[in-house]
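Right, one structure below, let's go through it.
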């Protein structure tokens, strides 16, 4: 362990908490222990039961589970389901609201069977159901949402097969509500319902005038992809009445976008939607449910702001505004209070899953030194650079920086014209980075840093090479610049002395994370610890349970990660046990998804090796070993293996 200076040795876990803001984004599920390890408290019913994530990693290493890997805390999933339902129940009771809450989990947020099973199990006591937006999701919902009192809400565009599956659900006693997204769907539904002799339960999706706020605001409003205009809604009611299905319309649905960052958009939407509900009720439509859609946000960066990765409200405030907003309108116009449905998937699943990945190297901007000593007949540009480096001091570093940038540009032009040699350019690079390092030392502790010098710390920062794929495990950080909390899982009682961004192992320049949480928003670099020889260093990427688990792509054919499913268990010495290990993709798996046959691949290589053996270029014994090695690789993990040497 390297010696620490006084400033570093005074660092403790509380300083790391301030730096990484764990308490701001974790909702109490994660914290930093006094020993510097990251802890999980997955069960809100047992706040004293904490799990050391470093111990989970060590157990995974001992049992041969390779990293990167997903750690899934099922107790967090259950806690989130219970918290949402109990908060709705308590607010409804406090408000003397006469309707009930029937929430549904949108399968699209995380279609993993283990997740859906856990949500259904935890939600059984609350009659918490499922939402499906496609035929495959509906088939899963039919098989797993077996609670006859809970709802199954069907969104998305639908064809005949979709409608038949929905009505099949009704025939076996499920409360299936078919939400109409466009007017023409009604004709198909009515025809099939008559053929099957089933009276459907219909929901009408309203295309509200109100628009949401945040990254998904354009999914609402008059130009929204889904929903019926007010004209279409009244025409739909009239058409269903004409066809003898007047009593089938039971639900009004709306959705103004995912990750709603501003509570004002929720208030505005509830106001408009409750007026639509009231008018439909006055029109004679026998509604009994109002579905407020999704949108309950997750405060990824802990800033409690309207930034795209945050929100300016709590779950309780969100629920209070829904319940009291609907109640006020209904009471004003003497309309019975409807049952409330919400489709909060992100808030349910985000916290329960994290990605643990190992840092396997450091990429420094100037890691290789070069001899920059004076030579006879040296070009004046190189001499000028050396002079800048030597003359730099605490009073002239801004002036010297300006000269440095100017001379560097001149050397690049001179090299392009053949005036300077490659050796000259190597000297230029070394002198340039040496000078930046000296300037950066003068910037430390300065209260004011000139704007043009503010980029220097980022230029000098390292890139930590992490064994994972951004495109598979944190797709939103690349696609929509979602900020995800990233924290080392140990050494948090030690001051991080390196400033770095993260790069993955894909051969893609976009395979990086360079947006991180900061107390006042986000920053391009993250303080991390110096890598120690012979010591593993893992980082945790948190709040990945919503969408990240299921939206990752096959870039570079890396495939799905290994998973461990963790349950709290007070009688265990470590307060947890690994309930299940789900192995990620091997090389044969990912190749087969792209229509490669493992058998044909191995056979083709064997033929090539056999030819070389017959030509005497490879020894027969070595030929067998090479063939076995290739075939063995097909069953190996796609990510980089630990170097044991």
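Residue numbers (our numbering): 5 to 649. Just so it is clear, CB atoms sit at the ideal spot from N, CA and C, and this is done for glycine as well. From a predicted model like this one, the values you see are computed outputs, not experimental measurements.
For residue i, the nearest candidate out of the options (CA to CA)
i: residue 379; options: 428, 363, 369, 346; result: 428
i: residue 249; options: 37, 284, 205; result: 205
i: residue 86; options: 313, 14, 351, 20; result: 351
i: residue 102; options: 304, 196, 328; result: 328
i: residue 170; options: 108, 196, 544, 272; result: 196
i: residue 207; options: 127, 568, 157; result: 157
i: residue 212; options: 450, 95, 235; result: 235
i: residue 377; options: 140, 133, 573, 430; result: 430
i: residue 495; options: 344, 547, 425, 543; result: 543
i: residue 265; options: 311, 242, 282, 238; result: 311
i: residue 598; options: 564, 558, 210, 450; result: 558
i: residue 36; options: 47, 46, 24; result: 24
i: residue 491; options: 107, 30, 344; result: 30
i: residue 340; options: 374, 299, 306, 288; result: 288
i: residue 246; options: 261, 297, 190, 230; result: 190
i: residue 326; options: 314, 361, 446, 268; result: 268
i: residue 643; options: 581, 565, 613, 592; result: 565
Residue interval of the beta strand (DSSP E) (run including residue i)
i: residue 255; result: 253 to 257
i: residue 491; result: 490 to 492
i: residue 130; result: First-last for residue 130: undefined, no H or E at that position.
i: residue 1; result: The question about residue 1 has no answer, for the chain in this structure spans 5 to 649.
i: residue 44; result: 42 to 44
i: residue 378; result: Taken as a continuous stretch (DSSP letters only), residue 378 belongs to no beta strand (DSSP E), as it is neither H nor E.
i: residue 543; result: 542 to 545
i: residue 582; result: 580 to 586
Residue i in three-state terms, based on DSSP
i: residue 110; result: strand
i: residue 209; result: strand
i: residue 315; result: coil
i: residue 21; result: helix
i: residue 522; result: strand
i: residue 571; result: strand
i: residue 250; result: helix
i: residue 287; result: coil
i: residue 485; result: coil
i: residue 7; result: Note that residue 7 scores 47 on pLDDT, short of 50, meaning its location in the model is unreliable and no value can be drawn from it.
i: residue 265; result: coil
i: residue 136; result: strand
i: residue 499; result: coil
i: residue 152; result: coil
i: residue 53; result: coil
i: residue 232; result: strand
i: residue 532; result: strand
i: residue 48; result: coil
i: residue 39; result: coil
i: residue 321; result: helix
i: residue 391; result: helix
i: residue 338; result: coil
Where the alpha helix (DSSP H) through residue i begins and ends
i: residue 4; result: Examination of residue 4 is not possible in this model, given that the chain is present from 5 through 649 alone.
i: residue 593; result: 591 to 597
i: residue 446; result: 426 to 447
i: residue 637; result: 624 to 637
i: residue 65; result: 57 to 66
i: residue 33; result: Segment: none, residue 33 is in no alpha helix (DSSP H) and carries neither H nor E.
i: residue 459; result: Note, residue 459: premise wrong, no alpha helix (DSSP H); not H, not E.
i: residue 167; result: 164 to 175
i: residue 140; result: 139 to 148
i: residue 604; result: 602 to 618
i: residue 190; result: 189 to 200
i: residue 477; result: 474 to 477
Which residues DSSP lists as bridging residue i, in chain order
i: residue 511; result: Partner(s): none; residue 511 has no beta bridge.
i: residue 467; result: 367, 505
i: residue 397; result: BP columns for residue 397 are empty, so no partner.
i: residue 294; result: 256, 344
i: residue 181; result: 157, 205
i: residue 75; result: 358, 568
i: residue 527; result: 520
i: residue 105; result: 344
Nearest-angstrom beta carbon gap, residue j and residue i [assumed within contact, 8 Å]
i: residue 509; j: residue 556; result: Contact flag wrong, Cβ pair sits at about 14 Å.
i: residue 487; j: residue 526; result: 5 Å
i: residue 273; j: residue 363; result: No, residue 273 and residue 363 are not in contact; Cβ-Cβ is about 44 Å, not under 8 Å.
i: residue 76; j: residue 386; result: With a Cβ gap of about 57 Å, residue 76 and residue 386 do not count as contacting.
i: residue 304; j: residue 489; result: 7 Å
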